[in-house]
Structures are given as C-alpha cells and as structure tokens.
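Listed in order, the protein sequences are those of chains A and B. Position 350, counted from 1, in the first sequence is what my numbering calls 350; the numbers after and before it change by one each time, with no gaps. Position 106, counted from 1, in the second sequence is what my numbering calls 519; the numbers after and before it change by one each time, with no gaps. Here's the structure, in structure tokens; my notes come after.
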Amino acid sequence: MKKILLTIACLLFIYSCNNEVDIVNPVVDPSNFLAQTKPLNSDSKLIMDGVYEVVNGAELLGDQVVVKWTRDRLSIFSGKNGGYIILEGGYLDSVIFFVGHWRYSTNTESGAASFYIPADEGGGEIISGDTTTTIRLIGTYGFGNEIANQPLVFKFKREFSQEVKQGNFDILAHRGGGRNSEYLGVSENSIEMINITERFGTTGVEIDARLSKDGVAFLYHDNDINLRLTQKSLIWGDIENFTWAQLRTLVTLKNGEKIPSLREALEFVLEETNLRTVWLDTKDVDVLPVSIALQQEILQRAAQMGRDLNIYIGLPAQDVYDAFVAYPGFQDVLSLCELSLDQVRQANSKVWATRWTQGTQTDAVQQMHTEGKKAFVWTLDEPSYIEHFVIDGEFDGILTNYPTILSYYHYIK
Amino acid sequence: MKLLKTILTLLIFVTCTSFGQIVDNTYSLTAEFGAGYSRYFTTMDYNDLNKNGFSGTVRVMWNPEHLLSVGIETGYQYLYSINISNYDTEFGTTEFSASMYTVPIFLMFSMKITPNLRFNAGTGMYLLFNSGNMFDDKLESNQISIGGHFGVSYLYPINKKISVGGELLYSYFSKIQDQTVALQFVLTYDLINY
Chain A
1 MKKILLTIAC LLFIYSCNNE VDIVNPVVDP SNFLAQTKPL NSDSKLIMDG
51 VYEVVNGAEL LGDQVVVKWT RDRLSIFSGK NGGYIILEGG YLDSVIFFVG
101 HWRYSTNTES GAASFYIPAD EGGGEIISGD TTTTIRLIGT YGFGNEIANQ
151 PLVFKFKREF SQEVKQGNFD ILAHRGGGRN SEYLGVSENS IEMINITERF
201 GTTGVEIDAR LSKDGVAFLY HDNDINLRLT QKSLIWGDIE NFTWAQLRTL
251 VTLKNGEKIP SLREALEFVL EETNLRTVWL DTKDVDVLPV SIALQQEILQ
301 RAAQMGRDLN IYIGLPAQDV YDAFVAYPGF QDVLSLCELS LDQVRQANSK
351 VWATRWTQGT QTDAVQQMHT EGKKAFVWTL DEPSYIEHFV IDGEFDGILT
401 NYPTILSYYH YIK
Chain B
414 MKLLKTILTL LIFVTCTSFG QIVDNTYSLT AEFGAGYSRY FTTMDYNDLN
464 KNGFSGTVRV MWNPEHLLSV GIETGYQYLY SINISNYDTE FGTTEFSASM
514 YTVPIFLMFS MKITPNLRFN AGTGMYLLFN SGNMFDDKLE SNQISIGGHF
564 GVSYLYPINK KISVGGELLY SYFSKIQDQT VALQFVLTYD LINY
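Below, the structure written as structure tokens:
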C-alpha cells in the first residue's frame, strides 16, 4: 500500500510541473473591414478620452472603465482583474468602428472585442471634432477564439479630472512595457515592446542597459544568456563575455526579436513614440560612460525637435553611484537615484526612486518636491497597493509591470 | 519535457517495485569507467549542427550490504559543434564556429535490479563550456547548470575485481533544457573490499 501511495505521490508531483502557458491571441478583423475606414484626427481622439460607465457587460470589466487614445490605439482600462481592451479604429460615413482584443493582466484570459459609435450616439460629433458628452460605445466581446457575441456597452460618464489633465504623473512600464512572464507577445527590453507600451497607458519606460565585451551598450536585464529571456542559442554564459556582433547575430529574444542596442532603443523612443520619460537602469557599472554619452546626444536631439523627453541615468546601487559621482560633470547629467536622500542631493539627481515596500513616505516625497526634485516608486504590481499609492501617495510616477492597472486608477482620480 | 516525464515515470515504477534487501555483508569501493557515443537532442534548428560526439564517465561507488550503492561521478560529455564558413550577418560575412561540452559533478545512486543489471541515477551540477569564433573574436564562456541523468547498465564479471559491460545513459541539462542519450562501454574495478 505504501508503495502505491508513494508512486502516486511521485507521479502527481511530476505531472503537476508545467511551464507551458497558453495565451490565445484572438483573430481580429478577419475580413479587414477597418481598411475601408478613415483614421480619426487627433482632435477627434481627444474628445473620446474619459471615464465611462459600463451599461452592459459589467461581468467582464466591472462597472466603470477608462477610455483613452494612446498614439494609434484606443485603450480601455478597467479595475477588474486588470482587464483592458486595445482597439484599432476608423470611421465610415458618420459611424466610428473599432476592432481589437481584451485581456486580463492578472491571468491569461483574453478574447476578441469590437465596438461602434453610432452617428447619433456621439459618432457624428467626434468625427467633426465637436465636443460631446453623449458618447456610447456599443460592442461585443468573446472568449479565446470564440465569436465575440457577448454584449458590452460603455456610456460616457465624465472627462478626466483637472488634477489628471494638468498633472504630469508618469505611468512607468518595467523593462520597456512588462516582463516576459506577462505573456504580452513581445519580449521585455525589446524595440517591439517599447513600440506597444503606450497602448497600456504608459508615459515612460524603464529599460536595462548593459555593455558588450567590445563596448556597445544594449538592452538586457540578466547577467547571462538564459531561457527566461532568450530562445535557445549556440552561445551561453555571462552576457559580458560576448561582442555586440556575436550577441546580435546569435541571440534571439524570447519572442523572436533581436537584442536592441541602447542607441536603437533611445532613437526609437525619440522618433517613434510619445513617451516622455526613460529610466535607464544601469545593470553594469562599465556601461555608465556609454549611457551618459548617448543620453546627452539623444536629449540634444530631443531639444532640437521640441520634444518633451527626459532620460534619467539610473543609480540603483552603491557601485554605480560611486562611478557616477566620479564622472566629470556628473552634476549636469540627468539622473535618478535609488539610494538615500543625501545621495540624491550629492549626485544632483533630478529623481529619487524608492522601493514601494517603504510605504508612501509622504514627508520624504514632499521634501524632494520642495527641493525641485521628483519622486518615483518601484516596482508596484499588486492592484490594491497601486490604488493605495495613487490615492494616498504624492509620487510623480510609479513603476509597474501592469501599467494598465495603474492607468485605470490614475485616470479615474 | 514530455520525454523527461516519461523517464521519471519509468524510474518511479522501477524503484518502487525493487527491494533493498541484504545480499551479503561485504562492503566495497568500486571505480567505474565509461566511454562511448553521445547524441545531443535539441530544438535548435541549425542544419550544420553536429550533435554526435564522445561521452565519458568516471565514478567511484560505495557498495554496502544493500542493493543500493552511492557514489560520485565526473566525466565529459560532448553536446554540439558547428562550423559555418560563410555566415552572412548584418555585420558582414564571417567564419563561425561554436561548440559546447559539459563536465558533470554528480552524486550517483545505483540500484541492482538483477545481479548483472543496474539502474543508475544521478544529480548535481554540470559545468558547461562554450567556445568558438566569430568575426575573429573568440567565443569563450562557461556556466553551471543543474541537471541529472538516468541509465541502465549491464555488467558481466570477468574476475573477482573486474567487470565489463555497457550503459545506456540519458542526461538532462536544465539551464539549456536539452538532453543527450549516450551508449557507453563500462569497465568497473573493485578498489577495496572489506
């Protein structure tokens, strides 16, 4: 009897191990209907931004959602399971159409979603750029690859508050938008991730900089080549052992992308996105001079373009801090310090970034504000704490792996 | 992963139906040498990847009065090599070579199923050695992976001290999530009997 029980216990243990996660990417707009529509202009998009009541379909996203255009997508954020919808849209005659998908941030459920705004429910006014408060998004959603036939209706409730509209709060996405473990379909610290991160409400990104054996700065989190971040390759071991050409040629990120150089990433942020903050996490002391040189160049180009962009050199640990303050002219380098307030002052960092487990630290945050500095908090992923920090904290930005959840709580303020 | 689960399942059935009864009161320390052919199994898709190579093991096993023996193992296991003379990359064309081998440092267990047949299992760490060349820059790196292997061996005693036979050995490398199957000639020598 003991042997049978032992055998069953061992087998249960073995077969309970499963690292395969099945995320459905639903088929969206198979007939390519949106190709027949015309794109909305930026004024029309702004009219749609606001907090909406969920008139029908509250079981999916709760009783209210945030609707916000983010670059080229209409994003909808909710407070239920970190649920969000990302839609492409366009208009035909006086009706606006949207197709896309929904997903829960906190689990793997997803499905297709589609909406329209009838001409007499705000569609006409939005297209002509006239302000309206009678917007109604009428749509359906489905689960997985099922047909989207569950009703989902949102009704405009209010615009964002003045505090939200006039504030400069940063929704900062970890590792360019989220970790590989969020199964977003693109890899962390990739150009492809940075390209889609604004759809999650992100206004800034944290990215990780390392240095290759031949002195090229690139984006990568861990100190070795591993299967958490990359596909199987012919080279393994500490990432600093390889030249840039070797890494670029032989290593493929988890979802098929190439490792981006820091230059490529910063140029992409500058030229292709509306992101206004880059938190450049220094993973390797040796990358510091290269990061600073690139930061200066990109910031100069941003200024020439009239682009509101801040690139902060991250000082996460004592060794990086020591190297930074030994750098000639460090006082003039835009930096973000994760250490003590005194070290923030000594490094002349513009941002103090603190661990969320220390609490809202209102006194310290106010002190930083008094000294003309910003305060960020990292890395906050638990929805109830995100809500607490947004409501009760006075931080200028929050770093998270779930920017959709942070976006919801920020925009309903 | 499926293959690994199947092997673990078989292992559990074999070990749960075996008995560790006493056969005699003699203790011994045995040195075991294995050498043979190894085949590397991977999902990497390179046409020129050479997956066939040498496998060698050296074990020192302590054999008490029970059927289960315990010991340590090291050795050498070839994983792969590749040579591409004209490799087109975004940096230009280059000669490219890479190879990898591993050295296990294992705690081994061996269970006599019959007087000649043994089931072997071991776990510990693999030292992975990666080398090669690209753009006239040496590729050289090494790292540690946990892993394990399971095998079945048949040993035929030639005299009181020496036995010879063969072993089929499956190895799994967790860091790279790949595996090898090796077929080895085995020679064992009783170092001490007491």
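C-beta atoms are modelled at their ideal positions from N, C-alpha and C, and glycine is treated no differently. Values in this document were obtained by computation on a predicted structure and should not be read as measured data.
- The C-alpha of A:Pro289 is placed about 10 Å away from the C-alpha of A:Leu211.
- In chain order, Asn543, Ser554, Asn555 and Gln556 make up the part of chain B whose C-beta sits under 7 Å from the C-beta of A:Gly237.
- Taking a Cβ-Cβ cut-off of 7 Å, the neighbours of A:Asn241 in chain B comprise Glu553 and Ser554, given in sequence order.
- Checking the DSSP bridge columns, you'll see B:Asn476 partnered with B:Ser441.
- Per the Cβ contact rule, the stretch 571-591 of chain B is in contact with the stretch 453-473 of chain B (3 or more Cβ pairs under 8 Å).
- Within 8 Å of the CB of A:Leu229, no CB atom of chain B is found; the nearest one sits about 13 Å away.
- Counting only residues of its own chain and dropping the five nearest sequence neighbours on each side, A:Glu387 has a CB closer than 7 Å to the CB of Tyr409.
- With contacts defined as CB atoms closer than 8 Å, A:Gln231 and A:Lys254 qualify as a contacting pair.
- Only Ala511 and Met513 from the stretch 511-539 of chain B bring a Cβ to less than 8 Å from some Cβ of chain A.
- Residues of chain A with a Cβ closer than 7 Å to the Cβ of B:Asp549 do not exist, since the nearest Cβ in that chain sits about 10 Å away.
- Exclusion of the five residues before and after B:Lys525 leaves Leu480 and Arg531 as the residues of its chain whose Cβ lies within less than 6 Å of its Cβ.
- Boundaries of the alpha helix (DSSP H) around A:Asn195: Ile191 to Ile196.
- At a cut-off of 8 Å between beta carbons, A:Asp224 contacts chain B.
- Relative to B:Asp458, the option among B:Ala448, B:Ile495, B:Leu568 and B:Val483 whose CA is nearest is B:Ile495.
- For A:Ser190, same chain residues with a beta-carbon under 7 Å away, outside a window of 5 residues either side, are Gly176, Leu253, Glu257 and Pro260 in chain order.
- For A:Asp43 against A:Trp69, the beta-carbon gap comes to about 11 Å, at or over 8 Å, which does not count as contact.
- In the structure shown, A:Asp332 falls within a helical segment according to DSSP collapsed to helix, strand and coil.
- Note: A:Gly111 is bridge-paired with A:Trp102 and A:Gly144 in the DSSP secondary-structure output.
- The C-beta separation of A:Leu262 from A:Leu294 comes to about 6 Å, placing the pair in contact by the 8 Å criterion.
- Under the 8 Å criterion on CB atoms, A:Ala265 is classed as non-interfacial with respect to chain B.
- With contacts defined as CB atoms closer than 8 Å, A:Phe218 and A:Leu247 qualify as a contacting pair.
- The continuous beta strand (DSSP E) containing B:Ser554 extends over residues Asp550 to Pro570.
- Contact of B:Ile495 with chain A by beta-carbon distance below 7 Å involves Leu234.
- In the three-state reduction of the DSSP assignment, A:Lys45 falls in the helix class, which pools H, G and I.
- Remark: C-beta atoms of A:Pro383 and A:Thr202 do not approach each other more closely than 8 Å.
- Residues of the stretch 244-269 of chain A with a C-beta atom less than 8 Å from some C-beta of chain B are Ala245, Gln246, Arg248, Thr249 and Leu250, listed in chain order.
- CA-CA distance, B:Gly505 to B:Met547, rounds to 11 Å.
- In the same chain as B:Ile605, and ignoring 5 residues on each side of it, the C-beta atoms closer than 6 Å to its own belong to Leu442, in chain order.
- Listed along chain A are Leu227, each with a C-beta nearer than 7 Å to that of B:Gln590.
- Membership of A:Phe169 in any beta strand (DSSP E) is not indicated, and neither H nor E is assigned to it by DSSP.
- Around the beta carbon of B:Leu520, fewer than 16 other beta carbons lie within 10 angstroms, which makes this residue exposed.
- Excluding the 5 residues flanking it on each side, A:Thr37 has same chain C-beta neighbours closer than 7 Å at Gly90, Tyr91, Leu92 and Phe97, in chain order.
- In this structure, the alpha-carbon of A:Val99 lies about 11 Å from that of A:Ala35.
- Distances from the alpha-carbon of A:Ile207 to those of A:Leu5, A:Ser407, A:Thr400 and A:Tyr411 put A:Thr400 closest.
- B:Thr506 has a beta carbon lying at 8 Å or more from every beta carbon in chain A.
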